[in-house]
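Since the structure comes first, as structure tokens, the remarks are kept for the end.
2 protein chains.
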Amino acid sequence: MTVSRALRDDPMVLPETRDRVLEAAQQLGYRRNELARSLRVRGSSGMVGLLVTNLANPFYAELALGVETLCAQRDMKLVVSNTADNVERERDLVDDLVARRVDGMIVVPAGTEQRHLAPSNLGGIPVVLAARRAVDIQVDCVMLDDYDGAHQITSRLIEEGHRRIAFVGPPAAWTSAERLRGFRAAMAEARLPIDEALLRCEQRDVATAEVAARELLNLEQPPTAFFCANSRNTIGTYRAMRAGRNRCSLNGFDDFELADMLDVPVRLAAYDTRAMGRHAAELLLARIQKREPMDQLVRQVVLPTTIVQYGGPMPLGS
Amino acid sequence: MTVSRALRDDPMVLPETRDRVLEAAQQLGYRRNELARSLRVRGSSGMVGLLVTNLANPFYAELALGVETLCAQRDMKLVVSNTADNVERERDLVDDLVARRVDGMIVVPAGTEQRHLAPSNLGGIPVVLAARRAVDIQVDCVMLDDYDGAHQITSRLIEEGHRRIAFVGPPAAWTSAERLRGFRAAMAEARLPIDEALLRCEQRDVATAEVAARELLNLEQPPTAFFCANSRNTIGTYRAMRAGRNRCSLNGFDDFELADMLDVPVRLAAYDTRAMGRHAAELLLARIQKREPMDQLVRQVVLPTTIVQYGGPMPLGS
DNA sequence: TTGTAAGCGTTATCAC
DNA sequence: GTGATAACGCTTACAA
């Protein structure tokens, strides 16, 4: 008992005793068993769960780092898993995190089926959604102003005279859908028709994006500009443009390394991914520490995007 | 007790009873407490620790994904932390992983001071080192043939007639030191002197690498070729070359996205990072399952590098 | 096939 | 200030 107190820096123990205990522990290589501790002290396993769709994507890696940084400050450990955009798997992983009694979790939801993320299914463990919006559930989330970023970029293209603008992006997980919505809205506001043949939303990686872009470039009436809904698609499109020696306007979502070094001007809706991770962690840690019931009042953080332009003037339309 | 058995799929329970239990559990949203379970069943918290130096570095993100993939197959969870190349922090994190009774851990050691990673200090928990060599301790590790990759690249440069070759890299953590050793060896074999003014080993990120490369390019006798010890330095050097409109031979370690799209030819010692993560996880899982004492026989996996060349013929020396 | 008792390593509570 | 006792939720061993 005294050992327990000493290791916990409880003031109810003589400094001398404390020192003797610590020394003995040192000698024996003794370490308090955190498993046993968390079993007794409920609501403090000292672990936070993080579920992302693809760890190797620089985007989520940055997000993870942001989360980790903040958690590390509070001496909390991160349990990270990959959902691979699979809702089934996500459900299982969430389940496991609950069973492990993590103090909270941050999830990039794989889909719009999110019932398993509702507070009532988590035994009171707080959740924060990141990067994607909550659908039909009341939980904190931090996301990007996807709609606005897409709207801004599209509007600029229209101002520059573009009429045939292609949209290439990943399957319509929420963020991509929002970006498409911003694109459509900007076109509608300018009373421009959308050629559905110029919309391609199935590309998850660079290789498939390149194929899709090439097909678009080979159309009888190719687009004069591309709006790519994420970095994978921007890079794939760039590859296709370069291979075909095409010269149209390249625009996209997400900044990426070397974007400013391409031999084609690029305009991007950029943002601070790491900050997003930090914000998510902040929301979560606030819930954890204040022990607020999850149904308190839901907080939403929407981070802005910044339009950046690399490599000289953008090609004009028509 | 029967519940415990039913949830564990113990055959010693009537199928009917089992079904009733499972249904009730479903109804009540009951989940077995994994913390309590791991407390009783020693050596199976179902968690693996992963310590990397920088999560946001695509290199480690890929490594993490490789590890995660394999662990997920065995239904093990990953506790990931960032050491930020800080040995003190690494020591604390290792300590915490031991206290959490992880089933094993994979560590990218921050330095050469690795006593805290020796089996005797881990209470029997197996470790595998990744990416960097074990120093003065007997543990499994999986690494790259850093020496050979650097040697090959340098040799080619010499064949191409280069005499003034600059080496730019991060501080001499093991991998960088090995690469420098390979560089020196190739030069020595060709009986070429090394101009120590062309060696810069302090750059951890792209920005500082760019500065270092610019300084080298501004020397009275600038190098005719660069050998960069990692992707951060390769990219930084590329930026400096491009800004200065210099045209010398660009070579480096690590493949990276868009390397093939630069407007300068590049030669790289490339390798499969994800495979490295998988190998590390395989070694670890083997130890975990076989419950081999850590001092059994140490396994080392050395992964080869492949020289790739992008963007046409490389500039010749002299 | 099911239930009982003990114990995993810690901490809350209450005596001393 | 220190120590005994019970309890956290589970599983192993054994009895019913």
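If you're matching them up, the sequences are chains A and B in order.
FYI, the numbering for the first sequence is 102 to 419, going by our numbering.
FYI, the numbering for the second sequence is 102 to 419, going by our numbering.
Note that beta-carbon positions come from the ideal geometry of N, C-alpha and C, so glycine has one too.
Alpha carbon to alpha carbon, what distance is there between Pro414(A) and Ala267(A)? 20 Å
How would you label Val409(B), buried or exposed, when you count the other beta carbons within 10 angstroms and need 16 or more for buried? exposed
DSSP beta-bridge partners of Thr407(A): Ala371(A)
Residues bridged to Asp77(A) (per DSSP): Residue 77(A) is absent from the structure shown; chain A starts at 102 and stops at 419.
Indicate, with yes or no, if the ligand GDP has a heavy atom lying under 6 Å from the CB of Ala251(A). In the structure on display, the ligand GDP does not appear, and there are no ligands present to speak of.
Spatially closest choice to Val181(B) from Ala231(B), Met206(B), Cys329(B) and Leu359(B), by CA coordinates: Met206(B)
Ile266(A) - partner residues in DSSP beta bridges: Ala326(A)
Extent of the continuous alpha helix (DSSP H) run through Val199(B): Val188 to Ala200
Where does Ser105(A) fall in DSSP's three states? helix
Suppose the cutoff is 6 Å on Cβ atoms and the five residues either side in sequence are ignored; what does the same chain contact list for Thr213(A) look like? Val236
Assigned exposure category for Pro116(A) - 16 Cβ within 10 Å defines buried: exposed
Cα-Cα separation between Arg346(B) and Gly412(A), rounded to whole angstroms: 15 Å
I'd like to confirm the pairing. Which residues does DSSP put opposite Lys178(B) in its beta bridges? Met148(B)
So is Val153(A) in contact with chain B if we call contact Cβ pairs under 7 Å? no
For Glu42(B), the nearest candidate out of Asn155(B), Leu398(B) and Arg121(B) (CA to CA): Past the edges of chain B, shown from 102 to 419, lies residue 42(B), and the structure says nothing about it.
Checking the sheet assignment: what are the DSSP bridge partners for Arg257(A)? Paired residues: none, contrary to the question.
For Asn352(B), three-class secondary structure by DSSP: strand
Sub-7 Å separation of Ser277(A) and Ala330(A) beta-carbons: yes
Would the region 379-390 of chain A and the region 239-257 of chain A be scored as touching if the rule is three or more Cβ pairs under 8 Å? yes
Give the single residue among Ala344(B), Arg285(B), Glu261(B) and Asn222(B) whose Cα lies nearest to the Cα of Asp247(B). Arg285(B)
Please list the partners that Asp364(A) has in chain B, where partner means a Cβ-to-Cβ separation under 7 Å. Asp364
Neighbouring residues, chain B, relative to Leu136(A) (Cβ below 8 Å): Leu136, Ser139, Leu140, Ser146, Arg201 and Arg202
At least one CB of chain A closer than 7 Å to the CB of Leu129(B): is that the case? no
Taking only beta-carbon atoms, is Leu179(A) less than 7 Å away from chain B? yes
Using a beta-carbon distance below 7 Å, is Leu156(B) in contact with chain A? yes
If you compare alpha carbons, which of Leu166(A), Val149(A) and Arg265(A) is closest to Ala157(A)? Leu166(A)
On the three-pair Cβ rule with 8 Å, is the region 126-134 of chain B touching the region 285-299 of chain A? no
Through-space distance from Gln127(B) to Arg421(B), alpha-carbon basis: Nothing about residue 421(B) can be read from this structure; chain B reaches only from 102 to 419.
Reduced DSSP category for Gly250(B) - H, G, I as helix; E, B as strand; rest coil: helix
Is there at least one Cβ from chain A nearer than 7 Å to Pro227(B)'s Cβ? no
Please tell me whether Leu351(B) has its Cβ less than 7 Å away from any Cβ of chain A. no
Beta-bridge pairing of Arg315(B) - partner residues as DSSP gives them: Answer is none; Arg315(B) lacks a bridge partner.
Could I get the ranges of all uninterrupted alpha helix (DSSP H) runs contained in the region 119-174 of chain B, with 4 residues as the minimum, in chain order? 135-141 and 159-174
Along the region 164-192 of chain A, where does the CB come closer than 8 Å to a CB of chain B? Name the residues. Ala165, Leu166, Glu169, Thr170, Ala173, Lys178, Leu179, Val180, Val181, Ser182 and Asn183
Our contact map puts Gly262(A) next to Leu417(A) with C-beta atoms below 8 Å; I'd like the distance itself, whole angstroms only. 5 Å
Near Asp373(A), which residues of its chain fall below 8 Å by C-beta distance, leaving aside the five closest residues on each side in sequence? Leu404
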